[in-house]
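Student: Handing you this structure, nothing more for now.
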């Protein structure tokens, strides 16, 4: 009993550990997950492999894939599709069939596969699903438009490719009976009907039930997860592989119903998906049959290379002619097409069926698909970030500061930061309050920063720090809570809330607050009063001869340390809740009483430090 439990714990621990290491070393998580699976599987034998183990984990993998695809569907917003609709249609409706055709031709003429096996192989390789696309997008830093192309293509093509492989197999099985086209037509009609009917209907009914309060908040995520598994299972009973399409449709329907509390459900599903992707990829590589590796030969390697360098690029470049994409976008899309767990799972089902019906070359299907998976995961995972930067398609780095609340004090802070080459965005729902920021040349956002419009128009991917500095403490806490999952909880700050803590009936719970900025005395009213009294921002650069301790000795004890700016113009708000030791080359911005001429010049004369103008 203990051995299976330890095995499950090992797989989970290895998967999550690989995700964390990937984050620390800034590598695509998929690469380390695949390597971790090989380590605990074929290399060390800690996880048994072979056909028996692969068959045993197949139901687990299938259910995991269903949840992953549903979560992907939840993230597909109509607003994104409006931006990328034309390109997505070309990639799916034209690029998919072209990739199927080119991949099948390559498999037949390079690897000498029979036409049935080659066509199934080509269908499987259409998929570029969320199991690999989402982790890559999370780390690559692509701009929103290109991310939308890859995300929509991957999530839509996943179920289509799996279904196409099944229908192709059915065609050749029943072709001898003269029923090939009849079976394909029936299967396609059944899959579409089930996906749209069952997946769409259950998604819509679930959303309506949530809107009417038929399910309590604490049960919404469990109910949704259960319904996903039910829809997937029932759909597959009606038509093989229709479940993937059904849960994708269900996710899209639910994700676009503007349900209250949807963001919380999305985060829950995202956390679950990270865990499932970790487990699935470790299982995928750990349970690999050694025969898969032994089947690698020169023609198979040439075929894998052809899939990478010829099939995908040719299909995308032809499909996107006149699609309104730039040549840079087309080049990136032509290269990036990693395959993942759906391709592996589909191949695991198709290969035995092809072997059973004695199709020539059927035993090579699984090794070839696995070869493409590993090649694309490694090649595309290592190159996507570099290629995005070279083509100018990467979103700006997280070097910008978002200040919510346009008070005179915060506008002046924004001006000081901008003078120090820090990118600043000031947000406020009052056009009048934003006027000084506009006159100061600051970039502004007029509107509610937590609105759906802001979510669509403000790219948070380049924001590295947030300061909630309005006169409403509770709203500041709400801003920090809402933005923390995207920005990082250690990078969202709010002005101190004054008296009142967890034990105060008027206080906001600690878990709902952002990091306290600057110190307890930096309350909104106090900053306003001090600013009116003549307090100003000062900027001092630390050097090798003028250290942080020297700076503290020369600075008025009443002054508040506001921002630490690194040499690469990356701003870090300072908080007593975080221990920060500024280094040589850093610029420290303080807010304090007016400095005398002597206090300003003395560090330069005696310590050879640098007191910056202003």
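Numbering (this note's numbering), first residue to last: 73 to 686.
We put the beta carbon where it would ideally sit given N, CA and C, even for glycine.
Measuring CA to CA, which of 315, 406, 492 is closest to residue 131?
Tutor: Selected option, being the one with the closest Cα: 315.
Student: Rank 306, 558, 257 by C-alpha distance to the C-alpha of residue 138 and give the top, closest one.
Tutor: Checked all of 306, 558, 257; the closest Cα to residue 138 is 306.
Student: Since residue 637 sits in a beta bridge, which residues does DSSP pair it with?
Tutor: For residue 637, which the question treats as bridged, DSSP gives the partners 643, 659.
Student: Within a Cβ cutoff of 6 Å, which residues of the same chain sit near residue 166, ignoring the five residues on either side of it in sequence?
Tutor: Hits under 6 Å: 391.
Student: Measuring only the C-alpha atoms, how far is residue 681 from residue 612?
Tutor: Any reading at residue 681 needs caution, since the residue's pLDDT is 47, under 50, leaving its predicted position unreliable; the model's value is listed next. When rounded, the distance between both Cα atoms is 8 Å.
Student: Under three-state DSSP, which class holds residue 183?
Tutor: It is coil, neither helix nor strand.
Student: Quick check on the burial criterion: 16 or more other C-beta atoms within 10 angstroms. Buried or exposed for residue 277?
Tutor: Classification of residue 277: exposed, given that the 10 Å Cβ count is below 16.
Student: Assuming residue 497 is part of the beta strand (DSSP E), what are its boundary residues?
Tutor: 495-500 is the span of the beta strand (DSSP E), which, as asked, contains residue 497.
Student: Does the distance from the CB of residue 237 to the CB of residue 192 come in under 7 Å?
Tutor: Yes, Cβ-Cβ distance for residue 237 and residue 192 is below 7 Å.
Student: Just how far apart, CA to CA, sit residue 90 and residue 353?
Tutor: Taking the straight line from one Cα to the other gives about 11 Å.
Student: Under the DSSP definition of a beta bridge, which residues are partnered with residue 476?
Tutor: Answer is 499, 540, bridged to residue 476.
Student: Is residue 664 helix, strand or coil when you go by DSSP?
Tutor: Note: residue 664 maps to strand in three-state DSSP.
Student: Between which two residues does the beta strand (DSSP E) carrying residue 608 extend?
Tutor: 608-613 is the extent of the beta strand (DSSP E) around residue 608.
Student: Do residue 637 and residue 492 count as a contact pair if the criterion is CB distance below 7 Å?
Tutor: Yes, Cβ-Cβ distance for residue 492 and residue 637 is below 7 Å.
Student: What residue from 375, 297, 217 has the CA that sits closest to residue 460's CA?
Tutor: Closest by alpha carbon: 217.
Student: In terms of alpha-carbon separation, which member of 620, 598, 395, 649 lies closest to residue 663?
Tutor: Answer by Cα proximity: 598.
Student: First and last residue of the beta strand (DSSP E) that includes residue 566?
Tutor: Its beta strand (DSSP E) spans residues 564-566.
Student: Looking only at its chain, what residues have a beta carbon closer than 7 Å to the beta carbon of residue 181, apart from the 5 residues adjacent to it on each side?
Tutor: Here the set comprises nothing.
Student: Do the stretch 480-494 and the stretch 504-516 meet, that is, are 3 or more Cβ pairs less than 8 Å apart?
Tutor: At 8 Å Cβ cutoff, the stretches touch.
Student: Just to confirm my understanding: we take residue 80, look at its own chain, exclude 5 residues before and 5 after, and list those with CB closer than 7 Å. What are they?
Tutor: Same-chain partners within the cutoff: there are none.
Student: With DSSP as the reference, identify every bridge partner of residue 282, one or two as the case may be.
Tutor: DSSP lists no partner for residue 282.
Student: Verify whether the separation of the beta carbon atoms of residue 431 and residue 186 is less than 7 Å.
Tutor: In contact: residue 431 and residue 186 (Cβ atoms closer than 7 Å).
Student: So if DSSP puts residue 165 in a beta bridge, which residue, or which two residues, is it bridged to?
Tutor: Per DSSP, none; premise fails for residue 165.
Student: If the criterion is Cβ atoms closer than 7 Å, does the pair residue 643 and residue 535 meet it?
Tutor: No; because the gap between Cβ atoms is not below 7 Å, this pair is not in contact.
Student: Tell me which same chain residues have a C-beta within less than 6 Å of the C-beta of residue 545, skipping the five on either side of it?
Tutor: So the qualifying residues of the chain are 569.
Student: Out of curiosity, what's the CA-to-CA distance linking residue 344 and residue 147?
Tutor: Residue 344 and residue 147: Cα-Cα distance of roughly 14 Å.
Student: Could you check the C-alpha separation between residue 653 and residue 295 for me, to the nearest Å?
Tutor: Going from the Cα of residue 653 to the Cα of residue 295 covers about 47 Å.
Student: Short of 7 Å in beta carbon distance, which residues of its chain neighbour residue 266, apart from the five on each side in sequence? Order them along the chain.
Tutor: Here the set comprises 307, 310, 311, 314, 318.
Student: Going by DSSP, what residues sit across from residue 518 in a beta bridge?
Tutor: Its beta-bridge partners are 500.
Student: Since residue 479 and residue 87 should fall inside the 8 Å C-beta cutoff, what is the C-beta to C-beta distance between them, to a whole number of angstroms?
Tutor: Actually they are not in contact, since the Cβ atoms of residue 479 and residue 87 sit about 46 Å apart, beyond 8 Å.
Student: Excluding the five sequence neighbours on either side, which residues of its own chain have a C-beta within less than 7 Å of the C-beta of residue 628, listed in chain order?
Tutor: Hits under 7 Å: 664, 665.
Student: Rounded to whole angstroms, how far is the Cβ of residue 499 from the Cβ of residue 474, which I believe are closer than 8 Å?
Tutor: Their Cβ separation, rounded to whole angstroms, is 7 Å, which keeps residue 499 and residue 474 in contact under 8 Å.
Student: Any contact of the stretch 449-459 with the stretch 408-416, i.e. 3+ C-beta pairs under 8 Å?
Tutor: Yes, the stretch 449-459 touches the stretch 408-416.
Student: Tell me, please, whether the stretch 379-394 touches the stretch 416-425 by the rule of three or more beta-carbon pairs shorter than 8 Å.
Tutor: Counting Cβ pairs under 8 Å, fewer than three are found: no touch.
Student: According to the neighbour-count rule (16 or more other Cβ atoms, all chains shown, within 10 Å of its Cβ), is residue 428 buried or exposed?
Tutor: By the 10 Å Cβ count, residue 428 comes out exposed.
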